[in-house]
Amino acid sequence: MQRSNSSRREFLSVAASSASGLLIAPLRAAEPDSRLAGVLARTISVDLHSHVGIPFGKPNAALPQFDLPGEMKRTGFSAVVQTWEVDSVPPSATGQEYIHFHEALDFEDRLLAATKVKRALTLRDLEAAHARRQPVIIQAAEGAQFLEGHIERVDEAHKRGLRVLQPVHERDDRVKPMADIYTRAAHLGGLTEFGAEVVKASNRLGVVVDLTHMSYDAVKSALKISAHPMIFSHTSLVPGPGDKPGDPRMAPRLLSKEEVRDITAPGGVIGVWWHGTNTVKEYVEQIKRVADAAGVENVGIGTDTDLEPDVRRLYTNAIWKGETRGMFPAVAEEMLASGFTPDEVTKVGGGNFCRLFGKVAGAR
């Protein structure tokens, strides 16, 4: 099941030593890598998990006053998988989360119309937008509690432009729970029968399934029944011997090497997030660790941040103190400096997700 990555760590070590011996590192510090511009120009870069704030319960709320396409261009991302959490507001009764689902999509419709940003529904949409240098979003939902036992609502969500569905988040569907949640005590036996229906319906419609927040028993069950590769949009590896200790509060949200390999064996993609890093260099180290475990062809970027400045969630363009470059340009430059090839940077930056998205949602 493990891909042939045993030589990767050795290669990077040798490359680093060679660079040091040839005094290349100081040159890199003095001027940008000459390969960077080409990487940034050709990569359809994608953030696998980007938030937008939804004013639930206020259907006529004013739109936020920020430049969505401008902020996306500052990050260097061609597209973001833009999501919201239906379960961020406790439901007062059955049916409330379905109302919140419509409020979220209605708000997104207004925001996108006002900022002239479109949804990408297929890989061809992504490619066309990139050719025009126009930022786009891929619509997602973090938590499918709005289904409330109605499998036909997956079809409804698809018709409204949803292309990535994360079945669980922090709270169970009050009518028909879909899976155990990794931050709560298991009580459902992993993936439920209804959860399996949701995975199969998503496969049928061309909706990418995001396994994040599922218990690993649930993940394994989903892997057995899914006809398509899936993503785990925002996570990283459990620290190993010699690695920097992580925040113990984040431990349930991290994956072991075995779990990463299981998810990526069918072609899945792991979105690496910034948690536990203080610099872009430390973040690239996390990317390396996941690439060593699963293969560079199965790694992506999932920030779990917000494009809107001055919100409670971390702002995408200010993840690391003192970092003035956009998110993706900073990561791409550091990846090149650390030994990744331009093609590998393109894969991690968005190529791997695009491959999966084309397979699941369709190329045209």
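The working numbering puts the first residue of the sequence shown at 1, with every later residue one more than the last.
Here a beta-carbon is modelled for each residue, glycine too, at the ideal position from N, C-alpha and C.
{"Check": "Given that a residue counts as buried once 16 or more other Cβ atoms are within 10 Å of its Cβ, and exposed if not, what is ARG133?", "Outcome": "exposed"}
{"Check": "Which parts of the region 250 to 328 are runs of the alpha helix (DSSP H), unbroken and 4 residues or longer, counting only runs that do not cross its ends?", "Outcome": "257 to 264, 280 to 294"}
{"Check": "Are three or more beta carbon pairs between the region 52 to 71 and the region 143 to 155 nearer than 8 Å?", "Outcome": "no"}
{"Check": "How about ILE263 and ALA201: are their beta carbons less than 9 Å apart?", "Outcome": "no"}
{"Check": "If you measure between the beta carbons of ILE301 and SER78, is that distance less than 9 Å?", "Outcome": "no"}
{"Check": "Just verifying my parser: in three-state terms, what is the DSSP assignment at LYS118?", "Outcome": "strand"}
{"Check": "On the three-state DSSP scale, how would you describe SER400?", "Outcome": "Residue 400 cannot be examined here, being either before or after the span of the chain that is shown, 1 to 364."}
{"Check": "Exposed or buried, which one is GLY256 when buried takes at least 16 other CB atoms within 10 Å?", "Outcome": "Here residue 256 turns out to be Ser, not Gly, going by the sequence shown. Exposed is the call here."}
{"Check": "In angstroms with no decimal places, state the Cα-to-Cα distance between GLU197 and GLY161.", "Outcome": "20 Å"}
{"Check": "In terms of DSSP beta bridges, what is PHE232 paired with?", "Outcome": "ILE270"}
{"Check": "Could you spell out the range, first to last residue, of the beta strand (DSSP E) harbouring HIS213?", "Outcome": "Taken as a continuous stretch (DSSP letters only), HIS213 belongs to no beta strand (DSSP E), as it is neither H nor E."}
{"Check": "Could you please give me the residues that DSSP links to PHE46 through a beta bridge?", "Outcome": "In the sequence on display, residue 46 carries Val and not Phe. Its beta-bridge partners are ALA79."}
{"Check": "Looking at the structure shown, is VAL136 part of a helix, part of a strand, or coil, going by DSSP?", "Outcome": "strand"}
{"Check": "Are ALA113 and ALA141 close, meaning C-beta to C-beta below 9 Å?", "Outcome": "no"}
{"Check": "Is it the case that the Cβ atoms of SER221 and GLY271 are separated by a distance below 9 Å?", "Outcome": "no"}
{"Check": "Relative to the C-alpha of HIS49, which residue among ARG355, TYR315, SER338 is closest?", "Outcome": "TYR315"}
{"Check": "Can you name the residues that DSSP bridges to VAL164?", "Outcome": "ALA140, VAL208"}
{"Check": "With a cut-off of 8 Å on the beta carbons, I'd call MET327 and GLY70 a contact; round off their distance for me.", "Outcome": "Not confirmed; about 14 Å, so no contact."}
{"Check": "DSSP has HIS51 in a bridge; who is on the other side?", "Outcome": "THR83, ASP306"}
{"Check": "Between the region 350 to 358 and the region 115 to 135, do three or more beta carbon pairs fall short of 8 Å?", "Outcome": "yes"}
{"Check": "Please classify ARG204 as buried or exposed, where buried requires at least 16 neighbouring CB atoms within 10 angstroms.", "Outcome": "exposed"}
{"Check": "Rounded C-beta distance between GLY95 and ASP306? I'm assuming under 8 Å.", "Outcome": "Not really, about 28 Å apart at Cβ, beyond 8 Å."}
{"Check": "Taking the DSSP output, what are the residues bridged to LEU237?", "Outcome": "LEU255"}
{"Check": "In whole angstroms, what is the alpha-carbon distance linking VAL351 and HIS228?", "Outcome": "A small correction: the amino acid at residue 351 is Gly; Val does not occupy that position in the sequence shown. Their backbone Cα atoms lie some 17 Å apart in a straight line."}
{"Check": "For GLU297, which residues of its own chain have a beta-carbon under 7 Å away from its beta-carbon, when the five flanking residues on both sides are left out?", "Outcome": "LYS347, ASN352"}
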